[in-house]
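Quick mapping for you: the protein sequence lines, in order, are chains H and G. Residues in the first sequence are numbered from 2 upward in steps of one, following this note's numbering. Residues in the second sequence are numbered from 2 upward in steps of one, following this note's numbering. All C-beta atoms in this analysis are idealised placements derived from N, C-alpha and C, irrespective of residue type, glycine included. The structure appears below as structure tokens.
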Amino acid sequence: MQQKIQQALHQISQVVLGKEDKIKQALCCMFSNGHLLIEDLPGMGKTTLAHALSRVFGLSYQRIQFTSDLLPADVLGVSVYSQKSERFEFHQGPIFSQLLLADEINRSTPKTQSALLEAMEEGQVTVDGSTRQLPAPFFVIATQNPSTQTGTFPLPESQLDRFLMCIELGYPDPRFERVLLKQGDARALIDNLSVCISPSELQDMQEQIKLVQTSDKLLDYIQRLIAFSRAPQRFNYGLSPRGALGLIACAKTWAFMDSRSYVVPEDVQAVLPSVVKHRLQSGINASEAGAAQSLLAEVAVV
Amino acid sequence: MNSAALPRSSFLWLLISVGAVLLPHVNRMPTGLLIGYGLCMVWRTLVHYGKAKMPHGLVKLLLVIAGTLIIRQGYQNLLGVDPAAAFLLLTFVFKFLEMQRVRDGLLIIFLGYFCLPITFLFSQTMVMTIYVFVALVVLTTTLVKVTKTSDQAGATIDLKQVTVMLLSALPLMLVLFVLVPRIGPLWSVPLPSGQSKTGPSDSMSPGDIASLAKSDELAFRVRFDGAIPDTRELYWRGLVFSNFDGRTWRPEGTPFQQQKNASWARNSAHEEMEESLDIHYQVTFEPSYQPWLYALDYPLTSGSGIGLTPQYTLLNKVSVDQRKHYNLVSSPRLMIDSVLDPASRKRNLLIPRAGNSRAKKFAIEQRNKASSDQQFVTDILTYYRQKPFYYSLKPPRLGPDSIDEFMFDTRKGFCEHYAGSFTYIMRAAGIPARVVVGYQGGEINHSGNYLLVHQFDAHAWAEVWLQDRGWVRIDPTGQVAPERIEQGIEEATAYENSFLSDSTFSLLRYRDNLWLSQLRLKLDAIEYDWNRWVLGYNAKRQSDFLKDYLGLVSSASKTQLLTGLVTLFLIALMVVFLRKERIKITDRCDQLYFRFCRLMETRGVARGAAEGATDFSQRLVERFSAQEQSIRNITRMYNYLSYGPDINPHQRSRILKKLEQEIAALKRT
């Protein structure tokens, strides 16, 4: 099983160069059955990563480019009157897919954002009074431009909380950038990627991950982390219980990917920055990246 | 962090702190120095608002020199408590002037903690103690302000926090105060110099006591074991004057001779006397900077360090520079000097040959008319009563023949005029007589059931020696102004409204106002208890307290041992309390792992508290590649035991044993 994960990692690394740790985080998020938010400048390989992920998992893939005039119906689908059958027929929107790439989610209006985010949480959509199940597994990978750029509607904290992880890709290493410049656009290569993990295997893995052990001592550590994040004057908001659950889920996956049947503090430390990045609003003085770092640096392991 | 710039919000607090430390000293400092202090504070404030620059190094040097010179000028001396205190405060203010960083701010606070108790060298009243507590709160709040990086909590929250902090230390302070063995000071601080002497001096000229009577200062407080005797009987003798030079009365012998003649042993001459008439009382004597003490007629016992002179006055070994407590027994019926030795007799009959001729003639005429010495005394007293004598705080000035002028011309005088002239006439008629100076009467404080004696209660009276009766107290003032003896000086001078006329703000001046008077006496009662129980809490009082309230009847050393043990117990408790912060390691697995961490620390690689075992092992392996296997094993076992699945205890103890062995093996390499 771990071999397959390695294989998937390797495959994606061929199209997203030099970002193995980020890819591993993204995989971890998917194995933990969570939605992923990728936050970075345009042109950093966000879409490529999402596309590659859908390929290696063999998932049906849809992409929506969010713009400021996108309406909820454009995401969810719309009922259209059919003259042939003489009644309204529902035309599914792009959300009816296994992996949805919501590109530049913060460029759309809050109304459309919330239509998507509701679907993410419930796994179903309700249009015209009838509820329709979304396919399983259902993942959303959303990308977001830094909110300082023009034409953005920042996602509110409550909606950011729906994403299990938030990662940044960042500029590639000079070494990998050289390779990238030599080989040209990687998009053509995506179609060559083979499916490594089928949806049913993914489900198996998720079942196994649930069996990973978390000892009392580890839960102590996690509770210390949570308590620290909630201490007054540190951060504007502490970690929510949902955030804490997400932290444990990701740490379990990380341990599983490391072929271990129990979680050690290093697993928690590995996933913590991605899990808390968008949840912790740090105090006035510290930068946001500093929030996770200060958590890791100041909370004792034992 | 200490080298960071001082938070701007803390400046005002620092300014207030410095002011709070300086305030109690303000009325004791030379004006030049006060101006200097103020200048430094204003300068630094201007710097804070960007209106002035920090002083240059040379300027600072000049300031130090100028300050030292001002102190030298103001106190005439650089040694002694006053100039030393002024100098310390000067350095404190200079530090404030040059403060820039957090480190300086902290130094100011710590210096403030040190400088604040200096004020106790000069004043130990309860009000001052409360003030020091308030100043402590201010200083500690400033400490919080200086060390805080952000301004999230307001000043009131800090103030509240600090107050709660200091108040919660109060119980411990009380326990320590009550229980810690009272050991005498290892060194003594020289007392503030330049204090003016108070109370009667060692000579008496006309007008001396009248000027004393203008002071409302407290002389001493007395607590009686029984009922407070009648005011008319409260004659507090302090000095006996036998030598007269025509104007001034002086005691016999030099101060050194007086010390030598006094008996310093515990006197027990009164054993044959009737004990029931004895008066037992405790005196709390305010510092007078003079050696004599006061006692009711006639003191019998003398405590340690107190001598009893042949004239039945009390002498302290050294001048009384600190508040003094002493216990006394007085016997009002005691007959003193039933036989007068010829030398004393001669001394108490001496009058200058020249001057006061009218008085001499008058005395001899009157004596010839009288049938006996006793009758003569009565005749003279009658003379005082019948002729138009006035009791006055503002007697006219007298010329060289002061007795003549007073007796026959001015006839207006204060007690020393009456006592002096009476004694002179007795001596002129051949009856041994002397002047006694002390206090008469006092004010009863009902709320504390004790007696207050003020400087304005100062009084002079006479003693004559009569056959078979010894020395007899005669108070001629009582003939002229009986209300002085019965009700005090205020009533006696009511007709001329001269009582405390110079001190408008003296609460004592408003004794008529019932409410004010009660308030004043209440406050005084509190102050008295403060003196007795807090300032006067010595080893003896401590052992009494422990005996009375805690039922510890034992020798002093046993008590001290016990209090020492209690103190140790409290300190131990405190240590335990402070250590609670540390996380206790009970898990055997953690204990072993920490042993491993300590071992690695001694070899140069320390684990951070937030570092997991695996990460730590990575770093270790980089450094100690030879022990790689061992390090990895230990880490794996530790991780398995700590975070792995639940295993049965037998298995667990087996792995623990292996872990221990592995660590031991690693230690040997």
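- Counting along the chain, the unbroken beta strand (DSSP E) around Trp466 (chain G) starts and ends at 459-467.
- For Ser83 (chain H), the three-state secondary structure derived from DSSP is strand.
- Under the three-state reduction of DSSP, Gly471 (chain G) is assigned to strand.
- With a threshold of 8 Å between beta carbons, Pro646 (chain G) makes contact with chain H.
- DSSP places Arg133 (chain H) inside the beta strand (DSSP E), whose first and last residues are 131-134.
- Residue state for Phe91 (chain H) is assigned as strand, using DSSP reduced to three classes.
- Apart from sequence neighbours up to five positions away, the residues of its chain that approach Gln480 (chain G) with a beta-carbon distance below 7 Å are Leu382, Tyr385, Arg386, ordered along the chain.
- Counting along the chain, Gly308 (chain G) sits inside the beta strand (DSSP E) bounded by residues 307-309.
- Annotation for Leu100 (chain H): no alpha helix (DSSP H) segment contains it, though the beta strand (DSSP E) segment containing it runs 100-104.
- With respect to the 8 Å criterion, Cys30 (chain H) and Met166 (chain H) are classified as neighbours on the basis of their beta carbons.
- With fewer than 16 other Cβ atoms from the protein chains shown falling within 10 Å of its own Cβ, Trp534 (chain G) counts as exposed.
- Your pair Leu112 (chain G) and Phe93 (chain G) checks out as a contact, with CB atoms roughly 5 Å apart and the cut at 8 Å.
- Look at the stretch 645-668 of chain G: the residues with a C-beta under 9 Å from a C-beta of chain H are Gly645, Pro646, Asp647.
- DSSP lists H:Leu101 as the bridge partner or partners of Gln63 (chain H).
- Here Val103 (chain G) is buried. Its C-beta has 16 or more other C-beta atoms within 10 Å.
- Residues of chain H whose Cβ lies closer than 7 Å to the Cβ of Ala611 (chain G) are, in chain order, Leu297, Ala298, Glu299, Val300, Ala301, Val302.
- Taking 8 Å as the cut-off, the Cβ atoms of Gln99 (chain H) and Pro138 (chain H) count as close.
- One Cα belongs to Ser18 (chain G), the other to Leu167 (chain G), and the distance between them is close to 16 Å.
- Residue contact check for Tyr263 (chain H) against chain G: a CB pair falls below 8 Å.
- Contacts with chain H (Cβ-Cβ distance below 7 Å) from the stretch 626-647 of chain G involve Asn640, Ser643, Tyr644, Gly645, Pro646, listed in chain order.
- Interface annotation for the stretch 77-94 of chain G against chain H: empty, criterion Cβ-Cβ distance under 8 Å.
- Looking from the CA of Pro173 (chain H), the closest CA among H:Gln4, H:Leu190, H:Leu18 belongs to H:Leu18.
- Separation of the CB atoms of Ser109 (chain H) and Phe154 (chain H) is rounded to 7 Å, and the pair is thereby assigned contact status at 8 Å.
- Looking at the DSSP output, Pro300 (chain G) sits in a beta bridge with G:Ser331.
- When only Cα atoms are considered, Pro43 (chain H) and Ser61 (chain H) end up about 24 Å apart.
- Ile227 (chain H) is positioned such that its CB atom lies closer than 8 Å to that of Leu240 (chain H).
- The beta carbon of Asp549 (chain G) sits no closer than 8 Å to any beta carbon of chain H.
- Think of a sphere of 7 Å around the beta carbon of Pro266 (chain H): the chain G residues whose beta carbon falls inside it are Gly613, in chain order.
- If you look at Cys598 (chain G), you'll find it in the alpha helix (DSSP H) that goes 589-603.
- The three-state reading of DSSP puts Phe625 (chain G) in coil, since its state is none of H, G, I, E or B.
- For the set H:Pro242, H:Leu71, H:Gln66, the Cα lying nearest the Cα of Gln224 (chain H) is the one of H:Pro242.
- The continuous beta strand (DSSP E) containing Glu40 (chain H) extends over residues 36-40.
- The secondary-structure analysis by DSSP pairs Ile210 (chain G) with nothing; it has no beta-bridge partner.
- In the DSSP assignment, Leu452 (chain G) falls within the beta strand (DSSP E) that extends over 451-455.
- Listed along chain H are Glu267, each with a C-beta nearer than 7 Å to that of Asp616 (chain G).
- Here the alpha carbon of Gln260 (chain G) sits roughly 15 Å from the alpha carbon of Phe242 (chain G).
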